[in-house]
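A.B. asks:
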Amino acid sequence: MAALLVALRLRQYGRTLGRSPWAIVTLAFGVLGALGMLGVLAGLLVAMRLTLPGLGPDAVVVLGSALVVGWAVASLLISGDDALAPERFALLPVRAARLLPGVLLASAIGVGGIGTAIALLLTLIGWSIDSLALAVAAVLLPLQLATCMLAGRALTSALARQLAKRSVRDLTIVVGSVLVILAGMIVPTVVEAVRALGASESMLAATAEVLAWTPLGAAWGAPHALAAGEPLRAVAQLAIALATAAGLALVWGADFRARLTAPITAGGGGRVRSGAWLDRLLPATPVGAIAARGLRYRFRDPRHLVNVVGVLLVPLLVLGIDLVVGRSVEVELGDDGVVLGAFAAVGPVLLPVLGAVVLMSIAQLDAAYDSSALAAHVLTGVSGRDDRAGRALGMVVLFVPMLLVACVLTTAVSGRWDLLPASVGATLGTGGLVIGVGSAISPWLPGQTPAPEASPFGSGSSGGAQALLGALVMMVAAGTVGAPAIGTAIASAWIPWLAWVSLATGLLVGALAVWLGVRIGGRALERRWPEVLAAVSREP
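Whatever position you read off the sequence shown (first residue = 1), add 75 for my numbering.
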């Protein structure tokens, strides 16, 4: 049975790749990204082995614990996109005991599972300071991989019935997306704290010591204890690791058996408000109707809501990182010798622009999120220009106020209110360019998104290779056409009157970009309605 499920999983991947050459390109980029991360990990472990060999075991324990947490969180975020959910086997006359090993093996097939296995193999570099610890670590590799995978399976199983409720599922996705975005602050904050305390080695050793006694790091604690010459501690931590894996397997197995006979059905979202005020705000035209529908989707569909959260939080994330670690970088302004932190000098100009950059995938993939519902535009005779204009209007109504808030906030934190016009000009100019170029290229590169009701972090969450190509086009446009607004905005930190030049240039460039993007994209969409509908209706 295990071999059959693995073969079916491989065949599923094969059919997905065979549907479109873009799927192959997307997989290639995913593999390259994973290889790059693994290369960085290998380099760090080798460097540590050569320069600070004693820290290798401590670092591996912390890394292993992080992998377990990562699998648990990732499984929770993509729980709605599980091709191996028990409900899919409910009609088969097969007991859970025969299915469980095959489901676990099949779930390891993918970039995440294979990448984790390779990362665990690389951790042997850290154990190479002691031959006995190296041998035990090699033997425990399957247990470590199983612990990572079972952690995700057990957590989603324990919360499966709660996650079946739409409100709980959406709340989990939103909170998870916030935590994923804010996780970027964790590493620099910890590094800065360690540097300030001047005790990096002792803190790493203390952290590893604690984690080795917990279910998170016990599987790595046994070889760690052997490397320290403590066999009794190694036996105790190995017992904890085995008990952890067994407990996770029992939780997952019990839920799997229950769902084979009593499948969980996802619930709806409950009562939906009419939103009549939105209809009064926008014009009673096809453009206004499309804009109103898009605004409703932004707050009701978790796939869109994650993007909205990203536009809000990415500038704040970089602002937080700068406040934690960026004060040591100083910039001299003018002839009077005034010295300010790098953020105070140009942060109010550049940080809000990052929020506009997040709009890249939103502008390009907006039609792809509609999936087969895009047929309503085709069947009702909506013109391509109205489609593009309605989507652009919805984005302007929602995101322009958010970007303006980011401009005011970053300016207030820096105390450089004289840079507010430059910040607004650079941000709105970039945002307009992104919306305009995204509207123009979307009919040719509609991209790939998670299916409706699927997790925003599941298959297609990155937009695929078409989204990457579209992002490159938009970045080139922002770096060329948008260069005058951004350049004068940065220069206004030294020449104040250029802030008003940046404001005027940014508003003009942004408005022209949206107008041209709607016209060009509308004409292309008129010619390519069938191709676009076929592309976005496919299951990612």
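Ideal placement from N, C-alpha and C gives every residue a C-beta, glycine not left out.
From Arg228 to Ala194, what does the alpha carbon distance come to, in whole angstroms?
C.D. replies: Rounded to whole angstroms, Arg228 to Ala194 spans 20 Å at the Cα level.
A.B. asks: Should Gly131 and Met123 be called a contact, given that it needs their Cβ atoms to be closer than 7 Å?
C.D. replies: Their beta carbons are under 7 Å apart, which means Gly131 touches Met123 by this criterion.
A.B. asks: Buried or exposed: where does Thr455 fall if 16 or more other Cβ atoms within 10 Å of its Cβ makes it buried?
C.D. replies: Exposed: under 16 other Cβ atoms inside 10 Å.
A.B. asks: Within its chain, find whatever has a CB closer than 8 Å to the CB of Arg236; leave out the 5 residues flanking it on each side and keep chain order.
C.D. replies: Closer than 8 Å at the Cβ level, and outside the excluded window around Arg236, lie Ile339.
A.B. asks: In angstroms, rounded to a whole number, what distance separates the CA positions of Leu218 and Ala314?
C.D. replies: Between Leu218 and Ala314, the C-alpha separation is close to 12 Å.
A.B. asks: Quick check: the region 427 to 438 against the region 500 to 517, are there 3 or more CB pairs under 8 Å?
C.D. replies: Yes, they touch.
A.B. asks: Do Pro298 and Ala443 have their C-beta atoms within less than 7 Å of each other?
C.D. replies: No, these two residues do not count as a Cβ contact at 7 Å.
A.B. asks: Determine whether the beta carbon atoms of Leu507 and Leu370 lie at a separation below 7 Å.
C.D. replies: Here residue 507 turns out to be Gly, not Leu, going by the sequence shown. No.
A.B. asks: Among the residues of its own chain, which have a CB less than 8 Å from the CB of Ala117, if the five just before and after it don't count?
C.D. replies: Closer than 8 Å at Cβ, skipping near neighbours: Leu197 and Ile200.
A.B. asks: Would you mind sorting Met224 into buried or exposed? The rule is 16 or more other CB atoms within 10 Å of its CB.
C.D. replies: Counting Cβ neighbours within 10 Å, Met224 comes out buried, since at least 16 surround it.
A.B. asks: What do you reckon, are the CB atoms on Thr502 and Val457 nearer than 7 Å?
C.D. replies: Not closer than 7 Å, so no.
A.B. asks: By a C-beta neighbour count over all protein chains shown, 10 Å radius and 16 as the cutoff for buried, is Ile189 buried or exposed?
C.D. replies: Per the 10 Å Cβ criterion, exposed.
A.B. asks: Comparing C-alpha positions only, which one of Pro423, Asp445, Val475 and Ala451 sits nearest to Val433?
C.D. replies: Closest option to Val433, Cα to Cα, is Val475.
A.B. asks: Check for me: the alpha helix (DSSP H) holding Ser577 runs from which residue to which?
C.D. replies: Counting along the chain, the alpha helix (DSSP H) containing Ser577 begins and ends at Leu573 to Ser612.
A.B. asks: Candidates Asp133, Ser567 and Trp288: which alpha carbon is nearest Leu120's?
C.D. replies: That would be Asp133, whose Cα lies nearest to the Cα of Leu120.
A.B. asks: My understanding is that Ala22 touches Val326, with C-beta atoms under 8 Å, so please give their C-beta distance in whole angstroms.
C.D. replies: Lying before the first or after the last residue shown, residue 22 is absent from the chain, which here runs from 76 to 615.
A.B. asks: I'd like to confirm something about Gly490: is its beta-carbon nearer than 6 Å to some heavy atom of the ligand ADP, or not?
C.D. replies: Because no ligand of any kind appears in the structure shown, any question about the ligand ADP cannot be addressed here.
A.B. asks: In angstroms, rounded to a whole number, what distance separates the CA positions of Arg623 and Val81?
C.D. replies: Residue 623 is absent from the model: the chain starts at 76 and stops at 615.
A.B. asks: What's the gap between the Cα of Val584 and the Cα of Met112?
C.D. replies: About 38 Å.
A.B. asks: Quick check on this structure: which residue in Val186, Ala321, Leu174 and Gly557 has the alpha carbon closest to the alpha carbon of Leu582?
C.D. replies: Nearest of Val186, Ala321, Leu174 and Gly557 to Leu582, Cα basis: Gly557.
A.B. asks: Can you tell me whether Ala367 is buried or exposed? The criterion is at least 16 other CB atoms within 10 Å of its CB, across all chains shown.
C.D. replies: When all chains shown are included, Ala367 counts as buried.
A.B. asks: Does the beta carbon of Asp445 sit closer than 7 Å to a beta carbon anywhere in chain D?
C.D. replies: No chain D is part of this structure, which consists of one protein chain only.
A.B. asks: Rounding to the nearest angstrom, what Cα-Cα distance links Gly363 and Arg375 in this structure?
C.D. replies: One C-alpha to the other measures close to 18 Å.
A.B. asks: Identify the continuous alpha helix (DSSP H) that holds Gln237 and give its terminal residues.
C.D. replies: That run of the alpha helix (DSSP H) goes Ala235 to Leu238.
A.B. asks: Exposed or buried, Trp295, counting other C-beta atoms within 10 Å across all chains shown (16 or more means buried)?
C.D. replies: Per the 10 Å Cβ criterion, buried.
A.B. asks: Return yes when the Cβ of Gly500 is within less than 7 Å of the Cβ of Ala560, no when it is not.
C.D. replies: Result yes, Cβ atoms of Ala560 and Gly500 sit closer than 7 Å.
A.B. asks: Tell me which residue opens and which closes the alpha helix (DSSP H) that Pro20 is part of.
C.D. replies: Look at the range of the chain in this structure, 76 to 615, and you will see that residue 20 is not part of it.
A.B. asks: Leaving aside the five residues before and after Leu335 along the sequence, list all residues of the same chain whose C-beta is less than 7 Å from its C-beta, in chain order.
C.D. replies: Hits under 7 Å: Pro161, Phe164, Ala165 and Ala171.
A.B. asks: Kindly list the residues whose CB is nearer than 8 Å to the CB of Thr505, restricted to its own chain and excluding five residues on each side of it in sequence; keep chain order.
C.D. replies: Contacts found: Val428, Ala431, Val432, Ala553, Gly557, Ala560, Ile561, Gly581 and Gly585.
A.B. asks: Looking at the secondary structure, which residues open and close the alpha helix (DSSP H) in which Ser498 lies?
C.D. replies: Taken as a continuous stretch (DSSP letters only), the alpha helix (DSSP H) holding Ser498 covers Leu495 to Ile516.
A.B. asks: With respect to the alpha helix (DSSP H) encompassing Phe331, which residues constitute its N-terminal and C-terminal limits?
C.D. replies: Element bounds for Phe331: Pro306 to Thr336.
A.B. asks: Short of 8 Å in beta carbon distance, which residues of its chain neighbour Ala280, apart from the five on each side in sequence? Order them along the chain.
C.D. replies: Here the set comprises Leu130 and Asp133.
A.B. asks: Taking a contact to mean a Cβ-Cβ separation below 7 Å, would you say Ala181 touches Arg84 in this structure?
C.D. replies: Contact: yes.
A.B. asks: Among the candidates Leu142, Ala300 and Gly465, whose CA atom is the shortest distance from the CA of Ala359?
C.D. replies: Closest option to Ala359, Cα to Cα, is Gly465.
A.B. asks: Please report the distance separating the alpha-carbon of Val243 from that of Leu573.
C.D. replies: Approximately 49 Å between the Cα atoms of the pair.
A.B. asks: Among Asp462, Cys482 and Pro571, which one has its Cα closest to the Cα of Arg598?
C.D. replies: It is Asp462.
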